[in-house]
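Data block below; observations after.
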Amino acid sequence: MRQDLYQHHDYYLIDDLLTPEHKLIRETVRSYVKEKLSPIIEDYAQRAEFPKHIVKELGEIGAFGPSLPAEYGCGGLDEISYGIIMQELERCDSGIRSTASVQGSLVMYPIYKYGSEEQRKKYLPKLAKGELFGCFGLTEPNHGSNPAGMETNFKDKGDHYLLNGAKMWISNSPLADIAVVWAKNEQGKIRGLIVERGMEGFTTPTTHGKWSLRASITGELVFDNVKVPKENLLPNVEGLKGPLGCLSTARYGIAWGAIGAALDCYDTALRYAKERVQFGRPLAGFQLQQKKLAEMITEITKAQLLVWRLGTLKNEGKATPAQISMAKRNSCEIALNIARESRQILGGMGITGEYPIMRHLMNLETVITYEGTHDIHLLITGQDITGINAFQ
Amino acid sequence: MKILVPISKVPDTTSKIAFVDNNTKFSTDNVQFIMNPTDEWYALTKALELKEAQGGEVVVIHAGLADSEQVIRKALAIGADSAFRIDMDPTDAYAISVEIANHAKTGGYDLVITGKETIDYNSFEVGGMVAELLDWNAVALVSKLDIAGGKATATRDIEGGTETVEFSLPAVICATKDLAAARIPNMKGIMASRTKPLTVLAATGADKLTSIASYQTPEKAKECKYVSVDNVAELVRLLHEEAKVI
Ligand SMILES: Cc1cc2nc3c(=O)[nH]c(=O)nc-3n(C[C@H](O)[C@H](O)[C@H](O)COP(=O)(O)OP(=O)(O)OC[C@H]3O[C@@H](n4cnc5c(N)ncnc54)[C@H](O)[C@@H]3O)c2cc1C
């Protein structure tokens with residue numbers, strides 16, 4: 001791939017709404033990305049391989065659970081900082097951001113929010129450093145958009161729980177040391193369990209043949225009479241609100257993150273359009289191309305304002321799950337449209353690995369699907385404004 | 001060991017450079033500023049390596065206005081213990097050097113490490129002037145530095161090779177490539193930098209010995225001319241008559 005020449009685009013001077021610390025965080029993650037990730041990402045994505053070594057690096061820069069408290073080895077930063085980190089990572093690749101989202105929002109967050117003090121102390125500092133790698137098991141072969149119907153279950157066997165079932169589409173699973181797994185107890189209530197690699201009957205087969213998120217590893221979680229120690233149950237939550245709470249945190253990160261992918265596509269297309277000459281003038285001089293570029297920066301600017309406001313609300317503890325859902329849906333949709341349009345501006349070059357756009361475009365097909373599909377998020381907003389449940 | 005690292009703020013190398021007011025002022029519109037790379041990558045990190053190996057304290061000092069805070073915070077996030085900002089518009093190397101030397105004189109420092117030059121004006125002046133004003137030893141273009149028992153040994157770049165010199169402390173050295181390994185800050189460092197002291201000092205108002213008369217951007221690079229490999233005579237003619245290099 002070519003040298004990473006990315007420059008930030010801030011049409012509405014949204015930087016003025018950020019603190020010097022936010023900007024320093026952005027600069028930090030961007031330097032890390034340009035130095036360590038941009039040079040290798042295309043190659044890993046082409047080979048459909050996860051760059052394992054980055055888990056430690058992401059831990060070192062503090063990309064795992066940055067807004068969780070410092071006393072557990074986390075960053076102790078605000079929600080806007082978290083968003084900025086996700087955006088800079090996804091500017092490089094949605095798979096890299098997914099790795100960080102899963103570890104921070106779907107593994108560390110539930111342990112922090114729903115776990116006991118012992119669980120927090122045992123797992124969080126190591127997860128923050130990247131010494132332990134985690135995954136989150138909610139989706140099942142027969143239950144995707146409707147997780148409440150899950151079949152994975154556990155029985156109380158006195159001194160331990162006996163876990164059975166299977167999860168699929170699980171990011172990080174083949175390499176994870178621990179899995180936060182959502183399963184039903186004998187009363188049919190959804191509870192969270194921390195399942196550790198090495199427990200008998202627990203396997204994590206890899207999912208092959210993905211055309212999307214190729215630099216992130218995905219797999220299954222299979223539980224065949226797995227004995228889970230009782231102290232591995234997350235004590236402080238019961239019901240679907242457990243996993244949904246995690247999803248809200250991760251969706252918030254995606255709302256920021258997907259804009260990163262959009263910015264990278266726009267930046268690439270803008271530079272290319274100014275340099276590539278056809279019919280005696282740069283592509284950027286043709287009205288049809290200008291329309292595309294103008295619409296792109298407009299949508300990016302609107303999305304940037306939306307997530308900034310959402311971050312402010314989240315800092316104040318006022319962001320609702322429906323507001324987060326709207327921003328996730330919007331960012332994914334605009335990013336995917338921008339990826340498609342910008343790919344066309346590059347003509348044939350747009351489909352090669354020489355430029356990042358085709359990779360973003362394919363990645364975003366996952367991003368618009370996981371953590372609630374586009375449709376599901378429309379239904380969430382629909383229910384919120386009408387009061388009528390249209391899911392079933 | 002107490003080490004002072006002067007850091008400066010420069011435009012990011014990808015910034016568009018433009019001049020206003022009849023080419024007398026550098027336009028800061030849409031310019032992203034960063035810490036001067038040789039200050040960050042070599043001077044500050046060498047100071048931190050020395051501190052980590054031998055104990056002590058690393059202090060950064062910056063001559064500039066309040067909008068430089070991000071650069072100073074970054075130095076603290078990378079690991080400096082405290083910072084001073086001399087409140088002044090840093091346009092003249094002598095005036096800056098006087099302020100830094102004034103602070104260094106009374107601060108109990110053993111060593112001042114500057115970057116070899118800033119990437120905007122490349123004037124290569126502050127390190128030498130600070131040493132002169134303090135009447136301390138000075139070694140420029142240092143790519144390796146060892147300190148043991150109050151004695152320092154430095155390798156410095158000279159024309160066509162390197163030279164190894166021994167000197168006593170206190171001293172001022174100007175860091176160049178290879179002196180230390182650059183570090184990217186992390187979120188914990190950024191958090192920690194919040195509570196590290198950043199003291200603003202009033203400038204003593206040293207005389208400015210220079211002022212900018214005007215700027216000029218370099219001529220646009222000329223287009224490449226391609227000459228076929230079997231036409232050496234044409235190549236020689238072009239080099240002689242057009243490029244005028246032979
Ligand atoms: C690469 C990748 C990584 C993933 N990582 C994880 C992970 O780490 N952990 C995890 O638990 N899950 C993960 N997922 C799973 C992801 O969250 C699900 O794929 C997603 O929730 C959709 O579920 P599904 O694939 O079963 O689709 P389905 O639920 O079968 O949906 C299929 C289609 O039907 C539509 N649809 C469904 N219900 C309705 C309705 N009521 N009204 C209208 N339309 C509807 C959907 O919008 C969609 O278009 C990952 C997925 C991918 C692709």
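Chains as they are written, first to last, in the numbering used here: chain L, 1 to 392; chain R, 1 to 246. Don't be surprised by glycine CBs; every beta carbon is placed ideally from N, CA and C.
Would a C-beta distance cut-off of 8 Å place residue 363/L and residue 175/L closer than the cut-off? Against a cut-off of 8 Å, the Cβ pair of residue 175/L and residue 363/L comes out as no contact.
Whose CA, out of 226/L, 304/L, 354/L, lies closest to the CA of residue 400/L? No answer is possible for residue 400/L: the residues shown for chain L start at 1 and end at 392.
Drop a sphere of 10 angstroms on the beta-carbon of residue 344/L, count the other beta-carbons inside from all chains shown, and report buried for 16 or more, exposed for fewer. With fewer than 16 Cβ atoms within 10 Å of its Cβ, residue 344/L is classed as exposed.
Going along chain L, which residues have a C-beta under 8 Å from residue 14/R? Those are 5, 7, listed as they occur along chain L.
Can you check which of these residues, 10/L, 71/L, 22/L, 95/L, is closest to residue 48/L by C-alpha distance? Answer by Cα proximity: 95/L.
Which residues DSSP lists as bridging residue 87/R, in chain order: Residue 87/R is bridged by DSSP to 64/R, 202/R.
For ligand 1, is there any heavy atom lying closer than 7 Å to the beta carbon of residue 159/L? No heavy atom of ligand 1 is found nearer than 7 Å to the CB of residue 159/L.
Can residue 91/L and residue 33/L be called in contact, C-beta distance under 8 Å? Closer than 8 Å, so yes.
Through-space distance from residue 266/L to residue 168/L, alpha-carbon basis: C-alpha separation (whole angstroms): 33 Å.
Return the chain-ordered list of same chain residues with a C-beta closer than 7 Å to the C-beta of residue 30/L, the five sequence neighbours on each side being excluded. Only 88 meet the Cβ criterion.
The stretch 47–76 of chain L: positions lying closer than 7 Å to chain C by Cβ: The structure shown contains no chain C; its protein chains are L and R.
Taking the DSSP output, what are the residues bridged to residue 202/L? Its beta-bridge partners are 223/L.
Proximal residues, the stretch 57–74 of chain R versus chain L, C-beta separation under 7 Å: Hits within the stretch, in order: 69, 70, 73, 74.
With DSSP run on the structure shown, which of helix, strand or coil describes residue 153/L? The three-state reading of DSSP puts residue 153/L in strand, counting E and B together.
Output yes if chain L places a C-beta closer than 8 Å to the C-beta of residue 43/R; else output no. False, the Cβ-Cβ gap to chain L never drops below 8 Å.
Apart from the five residues just before and just after residue 45/L, which ones in its own chain have a Cβ nearer than 8 Å to its Cβ? Once the five neighbours on either side are set aside, the close Cβ partners of residue 45/L are 93, 95, 214, 215, 353, 359.
Chain-ordered neighbours of residue 186/R on chain L, where CB pairs are closer than 8 Å: 28, 60, 61, 62, listed in chain order.
Under a Cβ-count criterion, where at least 16 other Cβ atoms within 10 Å of its own Cβ denotes burial, should residue 226/R be classed as buried or exposed? Counting Cβ neighbours within 10 Å, residue 226/R comes out exposed, since fewer than 16 surround it.
Distance between residue 12/R and residue 220/R (C-alpha atoms, nearest Å): Whole-angstrom Cα-Cα distance: 20 Å.
Let's see if you can read the secondary structure: which residues bound the beta strand (DSSP E) around residue 164/L? Counting along the chain, the beta strand (DSSP E) containing residue 164/L begins and ends at 160–171.
Pick out whichever of 159/L, 157/L, 210/L, 151/L has its Cα sitting closest to the Cα of residue 181/L. Among 159/L, 157/L, 210/L, 151/L, the Cα nearest to that of residue 181/L belongs to 151/L.
Smallest Cα separation from residue 161/L: which of 226/L, 147/L, 17/L? When each option's Cα is compared against that of residue 161/L, the closest is 226/L.
Residue 374/L to residue 205/L span [Cα, whole Å]: Approximately 28 Å between the Cα atoms of the pair.
Quick one, which of 163/R, 191/R, 211/R, 145/R has its alpha-carbon nearest residue 169/R's? Comparing Cα-Cα distances from residue 169/R to each of 163/R, 191/R, 211/R, 145/R, the minimum goes to 145/R.
Using 7 Å as the cut-off, classify the Cβ of residue 170/L as near or not near the heavy atoms of ligand 1, replying yes or no. At least one heavy atom of ligand 1 is nearer than 7 Å to the Cβ of residue 170/L, so yes.
Which residues share a DSSP beta bridge with residue 368/L? Looking at the DSSP assignment, residue 368/L forms no beta bridge with any residue, so it has no partner.
Would you mind working out which of 53/L, 66/L, 339/L, 299/L sits nearest residue 22/L, comparing C-alpha positions? Of the candidates 53/L, 66/L, 339/L, 299/L, 66/L places its Cα closest to the Cα of residue 22/L.
In DSSP terms, what residue 35/R is bridged to: Assignment of beta-bridge partners to residue 35/R by DSSP yields 9/R.
Can you pull out the residues from the stretch 13–39 of chain L whose beta carbon lies closer than 7 Å to at least one beta carbon of chain R? Residues of the stretch 13–39 of chain L with a C-beta less than 7 Å from any C-beta of chain R: 20, 21, 23, 24, 25, 28, 31, 32, listed in chain order.
What is the C-beta distance between residue 50/R and residue 80/R, in whole angstroms, given that I count them as a contact (C-beta under 8 Å)? That belief does not hold up - the Cβ atoms of residue 50/R and residue 80/R are roughly 12 Å apart, past 8 Å.
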